[in-house]
Amino acid sequence: MLSVVIVGGLHADARKAAVEQLLADVPGSVVLHHDLATAAAGTVVRTIRDADGVLSAGETPLVNDCACCALREDLVPELLLLAEDGTTRLAVVELWDSVEPKAMAEVVAAGGLTVTGVITAVDPALVLPYLANGDDLADGGLAAAATDQRTVADTFARQLEYAPVLAIADSPEADDEDRELLAQLHPTARQVPIGSGHPTDLAGTRYPRRGSAEAPLARAALAGFDVEAAAAAQHPACALLPAEADAHGVATFVWHRRRPFHPERLYSALEDITCAAARSRGRFWLADKPDVLLHWDAAGGALCVESVGPWLASLPDAAWEMVPPVRRAAAAMDWHAEHGDCCQHLVFTSPGLDRDGLEQLLESCLLTDAEYAAGRDAWKQLPPAFDTLLEV
Numbered sequence: 081m082l083s084v085v086i087v088g089g090l091h092a093d094a095r096k097a098a099v100e101q102l103l104a105d106v107p108g109s110v111v112l113h114h115d116l117a118t119a120a121a122g123t124v125v126r127t128i129r130d131a132d133g134v135l136s137a138g139e140t141p142l143v144n145d146c147a148c149c150a151l152r153e154d155l156v157p158e159l160l161l162l163a164e165d166g167t168t169r170l171a172v173v174e175l176w177d178s179v180e181p182k183a184m185a186e187v188v189a190a191g192g193l194t195v196t197g198v199i200t201a202v203d204p205a206l207v208l209p210y211l212a213n214g215d216d217l218a219d220g221g222l223a224a225a226a227t228d229q230r231t232v233a234d235t236f237a238r239q240l241e242y243a244p245v246l247a248i249a250d251s252p253e254a255d256d257e258d259r260e261l262l263a264q265l266h267p268t269a270r271q272v273p274i275g276s277g278h279p280t281d282l283a284g285t286r287y288p289r290r291g292s293a294e295a296p297l298a299r300a301a302l303a304g305f306d307v308e309a310a311a312a313a314q315h316p317a318c319a320l321l322p323a324e325a326d327a328h329g330v331a332t333f334v335w336h337r338r339r340p341f342h343p344e345r346l347y348s349a350l351e352d353i354t355c356a357a358a359r360s361r362g363r364f365w366l367a368d369k370p371d372v373l374l375h376w377d378a379a380g381g382a383l384c385v386e387s388v389g390p391w392l393a394s395l396p397d398a399a400w401e402m403v404p405p406v407r408r409a410a411a412a413m414d415w416h417a418e419h420g421d422c423c424q425h426l427v428f429t430s431p432g433l434d435r436d437g438l439e440q441l442l443e444s445c446l447l448t449d450a451e452y453a454a455g456r457d458a459w460k461q462l463p464p465a466f467d468t469l470l471e472v
């Protein structure tokens, strides 16, 4: 049976090093890569190669002027051909720079293939520069479609946080602050070194030397991957967000409250809150929309907010059976007698974080005692300051 591992990341040198290591370590492995750099000319270039060189190359036309759409249309048939051939043990799907692994893992799984691993390759010295880069992907020639409005920072953050395995490049420029920032951004990730020749992973576990399918990165690529669980882990309602931390000049501040935000005061403070940390994420609660769960996603000084449906507390009991079990379990762990799962749960991670100042700013945006006591009917009459951001 063909195993498929997704390897992605904006750090191209680290990504290529991880791919080469997998080719060397896993006998019978091949790499599929779709180069979206030629999309402006109307095509996407596909190559398939093994450790000895290119096996085949071809072009696929754009689909609806979207390079990523062409990738989706072409990737699964090529993987199915490899599976039918029966000689390939591992198909390494090397994503183009800005392609996000979540979408591709779901496409591969929906095609009936087995995703056994998702790996994002990272150069620790580049984590903060990329996370702080609010430029549009299009400005750097990294957009995957004419309509692609993503930034470098938010794309890198999603690539980093989705993968359960991070392939860490041997970077002489990286210092303790860089490594601590990476650890706090994705504390549950397994970090595996690449390019250093060490027969251990970053947790100190000893493995056979590289060039063996038992080497750390090869084991990670074949370990198994649950696409549905990974999607649930990214959903704002049940994401396992980082915990409080403070080391090597990097801090993670977790802010959790049971009172809604005043929409106008929060809106006025958005720039200061967004720029207070290199990365912030979570879910939040607006008084004028008390039944709506809102997603907070900020990186590179830019903020994205969106509605992701109702809080479970606002649903009738009969509707709970339609909610995924993981969502119900997450709500039950954080249930409040009066407000159910409605809450503020925001997490901020950054070097040089002013925790006290940030906490005071956030607290000032909550309803006052008098506003809170007025009740939900009064809350709903507050000015809808977020309607433009939410495209209501």
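For the sequence shown, the positions run 81 to 472 when my numbering is used.
Just so it is clear, CB atoms sit at the ideal spot from N, CA and C, and this is done for glycine as well.
- For K369, the three-state secondary structure derived from DSSP is strand.
- In this structure, V207 places its C-beta atom within 7 Å of the C-beta atom of D258.
- Taking C-beta atoms under 8 Å as the contact rule, L442 and W335 qualify, at a distance of about 6 Å.
- Leaving aside the five residues that flank N213 on each side, the residues in its chain whose CB is nearer than 6 Å to its CB run, in chain order, V232, A233, G380.
- Taking C-beta atoms as the reference points, A309 and G275 fail to come closer than 7 Å.
- Beta-bridge pairing by DSSP links I274 to A249.
- Residue nearest to V87 within the set P157, L297, A226 is L297 (criterion: CA-CA distance).
- Taking all protein chains shown into account, R456 has fewer than 16 neighbouring C-beta atoms within 10 Å of its C-beta and is therefore exposed.
- Relative to the Cα of P390, the nearest Cα in the group V372, V99, A378 belongs to V372.
- Apart from the 5 residues on each side of it in sequence, A97 sits with its Cβ closer than 8 Å to the Cβ of A201, A247, A249, I274, G275 in its chain, given in chain order.
- Within its own chain, the residues whose Cβ lies closer than 7 Å to the Cβ of V84, once the five positions on either side in sequence are excluded, are L159, A171, V173, V188, L193, T194, V195, T196, listed in chain order.
- For T140, DSSP records a beta bridge to V124.
- Taking the Cβ atoms as the reference, R230 lies roughly 14 Å from L211, outside the contact range of under 8 Å.
- Ranked by how close their Cα comes to the Cα of A269, the residues T123, V385, F333, V198 have V198 in first place.
- Distances from the alpha-carbon of E139 to those of A398, R339, L151, V307 put L151 closest.
- Within the model, the alpha-carbon separation for K182 versus P404 is close to 19 Å.
- If you ignore the 5 residues before and after L366, its C-beta comes within less than 8 Å of the C-beta of P340, F341, P343, L346, V372, L374, F466, all in its own chain and listed in chain order.
- Within the DSSP bridge table, the entry for F466 names no partner.
- A residue is called buried when at least 16 other Cβ atoms come within 10 angstroms of its Cβ; A358 meets this threshold and is buried.
- Inclusion of E180 and R238 in the CB contact set at 7 Å is warranted, their separation being smaller than that value.
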